[in-house]
Amino acid sequence: MAIVNRLTVDGRDYFLPDPVTDLKGKILEAVKAGGGYVTVPPLRGGPGVDILFSPGMPVTWSQFEVGDSGAQVEDLGDDTVDYDL
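Take 4 as the starting number for the sequence shown in our numbering and just add one per residue.
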């Protein structure tokens, strides 16, 4: 089983491998600074995507456990955090 994280930014989903702790910190720093670009890494290879994060932008985190081919995807719960921004 593998853990996959879903980052939803302004209605768009990005799927990320574990761990995401550093990425969450970079996003929070960008928002606290009034806005900034953060590179979101790809799930499998490639350069990733640069996203401009700004205060007031809706951001949601979810985490899923993904099994072998043919297995169901289990939602481990919503890791939504309100940073009071």
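Note that CB positions come from ideal geometry on N, CA and C, so glycine has one too. Just so we're clear, the structure is a prediction, and the values are computed from it rather than from any experiment.
| Asked | Found |
| --- | --- |
| Would you mind sorting Ala36 into buried or exposed? The rule is 16 or more other CB atoms within 10 Å of its CB. | exposed |
| Beta carbon of Met4, beta carbon of Val52: below 8 Å? | no |
| At 3 residues or longer, and completely inside the region 6 to 53: list those beta strand (DSSP E) runs for me, N to C. | 15 to 20 and 39 to 43 |
| Kindly list the residues whose CB is nearer than 6 Å to the CB of Pro45, restricted to its own chain and excluding five residues on each side of it in sequence; keep chain order. | Gly51 |
| Compute the beta-carbon to beta-carbon distance between Pro92 and Val7, rounded to the nearest angstrom, for a pair I have assumed lies under 8 Å. | Because residue 92 is not part of the residues shown, which for the chain are 4 to 88, the question remains open. |
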